[in-house]
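Mapping of the first sequence onto this note's numbering: residues 4 to 516, in sequence order. Ideal Cβ positions, reconstructed from N, Cα and C, are used throughout, including at glycine. Everything below concerns the one structure shown next.
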Amino acid sequence: MTTKKVRVRFAPSPTGPLHMGGVRTALYNYLFARRHGGDFLLRIEDTDSGRFVPGAEEYIIEALKWCGIEPNEGLTADGKVVMDANNPEACYRQSARKPIYRKYAEELIAAGHAYYAFDTSEALDALRKEAEARKETFIYNHTIREHLQTSLSLSTEEVDERLRTEKHWVVRFKMPENREVHMHDLIRGEVKVNTSTLDDKVLWKAADELPTYHLANIVDDHLMNISHVIRGEEWLPSLPLHYLLYEAFGWTATQPEFAHLSLLLKPDGKGKLSKRDGDRLGFPVFPLAWKDPVSGETSRGYREDGYFPEAFVNLLALLGWNPGTEQELFALDELVNTFTLERVVKSGAKFNPEKAQWFNQQYLRQKSDIDLAKLYRSDLENRKIVYDEEYVAKVCSFIKDRSTFVHDFWEQSAYFFIAPTAYDEKAMQKYWKPETPALMSQLSDFLSTIDDFTKENTEHLVHQWILDKGLNMGAVMNAFRISIVGASKGPGMFDIIALLGKTETLKRLSALL
RNA sequence: GGUCCGUUCAUCUAAGGGUUAGGAUUCAAGAUUUUCAUUCUUGCCAUAGGGGUUCGAAUCCCCUACGGACUACCA
């Protein structure tokens with residue numbers, strides 16, 4: 004690596020919502036860029052007109068924004084396009100760069116690194132089927148290109164004629180014969196492949212006048228001065244082609260470094276994590292909920308499921324990377340300061356939903372009571388419950404250790420806002436004896452004599468009272484809890500009644516007598 | 001089928017040839033809590049298999065097995 008400025012890109016295809024694996028790729032790019040004081044750009048690779056999904060691009064931008072991993076060039080989290088100051092002609096949506104690519108494809112043809120091919124997809128499919136029937140591998144390469152309808156086998160006149168009159172020709176890369184390509188990957192080390200196993204990939208299609216991924220990718224990364232390509236493992240098999248393309252263009256000297264990330268795997272069984280797994284196992288695989296514009300099918304998202312973006316980013320960071328220390332909780336800025344590609348794990352990581360919840364629980368606890376009260380507010384409002392923030396914050400202080408998500412709060416704290424309407428059956432069976440009502444009646448009478456209803460005072464006086472009367476502490480306190488809470492759960496009884504106040508406490512006590 | 005990548009507790013992972021193979025999640029038990037949760041303590045659980053190299057291998061090499069990705073005029 005030279006002193007070249009670090010510039011990385013996240014280059015998704017707008018064919019649907021961004022998968023959490025995609026978010027992780029974006030995150031690692033972002034961390035790497037910021038760690039090295041470089042640029043993180045977002046480029047939309049929409050060269051497949053047929054697979055475009057409306058809303059997908061907006062989804063990607065919004066998801067990155069929610070995670071706090073905002074690009075500083077290209078399509079940004081605000082949805083604006085921020086241009087490279089040195090390249091005012093830059094555009095970051097490949098469909099809008101359409102005119103650029105053809106020239107590069109033709110440059111390759113002129114240099115003898117590519118050629119025109121006129122075979123129809125149907126003809127090629129037929130050849131593939133035939134080869135399959137003979138149990139052979141069909142490779143579109145030097146063994147066959149001279150025998151097909153290409154500019155290598157046809158006369159110049161015929162080629163010109165067909166280029167003029169036909170609409171479905173393509174430009175293919177002329178894959179060299181029997182050459183060992185030695186590649187370097189920042190995560191995997193040396194990889195080598197013999198070119199004889201590779202195809203003459205299509206680089207450009209006349210039908211829509213668009214490049215395929217391979218050409219667009221190399222041209223754009225070159226033009227945008229990308230220094231490091233950090234992408235998913237599914238691209239490793241095409242790395243030799245990409246190396247050869249840089250070579251054919253004469254760009255080897257400025258070729259970026261590559262790092263291929265392993266995949267995120269299903270929590271159970273085998274294979275990579277898919278949309279289905281989330282539905283099947285009950286966890287989101289997307290950062291944000293998504294409604295498919297065609298099928299109308301909805302998929303849940305981490306945001307809508309109640310995850311904090313910090314927790315989501317943290318758990319994603321640790322899925323395939325580790326700091327080498329035992330620290331597990333990282334704020335985004337800490338990740339920036341700690342992240343290195345050297346510590347990215349080579350093997351695929353199975354996603355573990357339980358650990359994901361644990362992360363959220365940790366972040367929930369880190370929040371202040373007042374912040375939690377603010378987050379709780381909309382839920383309370385929906386339930387038509389109005390309390391001042393100080394009261395709600397106090398409630399939050401009692402329930403934060405009992406919750407994983409903010410949406411657990413109501414279940415944990417309803418009794419702070421409304422008197423119990425039902426009483427837990429098991430608790431009643433265990434603690435509500437025939438003599439209990441009389442006991443609670445005495446307790447009620449005693450409590451009504453206390454004016455200073457603070458936690459300290461009531462706790463002291465009631466304990467003394469139980470002692471003086473020779474009562475059983477457990478019998479009194481557990482029944483007391485059932486009367487006030489409705490169940491055998493919650494923080495200290497005197498904390499609860501201090502917050503509820505004397506009037507409400509006595510009211511709830513009498514409700515069960 | 002072919003090419004490439006990978007393989008340490010159930011899961012995420014640590015251990016740059018020498019440790020009783022460490023941590024975290026989950027699970028279990030105990031302590032604390034008059035309850036629930038928290039917290040704390042403890043426990044269970046791993047180097048895929050086989051060959052080498054070496055005084056010594058989770059670590060280096062080879063083979064096998066298993067897993068994954070790719071194999072489109074998709075990205």
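{"Item": "Taking the alpha carbon of L239 as the point to measure from, which residue in L276, L464, G192 and K208 has its own alpha carbon closest?", "Value": "G192"}
{"Item": "Is it right to say A425 is buried, meaning 16 or more other beta carbons lie within 10 angstroms of its own, or is it exposed?", "Value": "exposed"}
{"Item": "For A256 versus L111, is the C-beta spacing smaller than 7 Å?", "Value": "no"}
{"Item": "Please report how far the alpha carbon of L332 lies from the alpha carbon of N363, in whole angstroms.", "Value": "10 Å"}
{"Item": "In this structure, how does DSSP classify K195 when only helix, strand and coil are distinguished?", "Value": "strand"}
{"Item": "Check whether the Cβ atoms of S154 and Y107 lie closer than 7 Å to each other.", "Value": "no"}
{"Item": "Should R131 be labelled buried (16 or more other beta-carbon atoms within 10 Å of its own) or exposed?", "Value": "exposed"}
{"Item": "Could you tell me which residues DSSP pairs with F354 in its beta bridges?", "Value": "DSSP, once it has assigned bridges, lists no residue as partnering F354."}
{"Item": "Out of curiosity, what's the CA-to-CA distance linking K218 and L44?", "Value": "According to the sequence shown, residue 218 is Leu rather than Lys. Spanning the two alpha carbons is a distance of roughly 19 Å."}
{"Item": "Quick check on this structure: which residue in A80, L201, P214 and V194 has the alpha carbon closest to the alpha carbon of D51?", "Value": "P214"}
{"Item": "Where in the region 379–403 do unbroken runs of the alpha helix (DSSP H), each at least 4 residues long, occur, reported from the N-terminal end onward?", "Value": "392–402"}
{"Item": "E260 and S230 look like a contact to me (Cβ under 8 Å); what is the Cβ gap, rounded to whole Å?", "Value": "7 Å"}
{"Item": "Apart from the five residues just before and just after I469, which ones in its own chain have a Cβ nearer than 6 Å to its Cβ?", "Value": "M476 and V479"}
{"Item": "With a Cβ-Cβ cutoff of 7 Å, do L268 and G351 count as a contact?", "Value": "yes"}
{"Item": "Between E384 and the rest of its own chain, which residues show a CB-CB distance below 6 Å, the 5 nearest in sequence each way excluded?", "Value": "none"}
{"Item": "Does the region 341–356 come into contact with the region 384–395, if we say contact requires no fewer than three beta-carbon pairs (one atom in each stretch) closer than 8 Å?", "Value": "no"}
{"Item": "From the DSSP output, in three-state form, read off S277 for me.", "Value": "coil"}
{"Item": "On the three-state DSSP scale, how would you describe P270?", "Value": "coil"}
{"Item": "What are the boundary residues of the beta strand (DSSP E) that includes R12?", "Value": "R10 to F13"}
{"Item": "What is the DSSP secondary structure of S241, reduced to helix, strand or coil?", "Value": "helix"}
{"Item": "Which same chain residues end up closer than 8 Å to T452 when comparing Cβ atoms and leaving out the 5 residues on each side of it in sequence?", "Value": "none"}
{"Item": "Under 8 Å by Cβ, that's how I've got D372 and C399 pegged, so tell me the actual separation to the nearest angstrom.", "Value": "5 Å"}
{"Item": "With a CB to CB cut of under 7 Å and the five nearest residues on each side skipped, what residues in its chain are close to V196?", "Value": "V184 and P243"}
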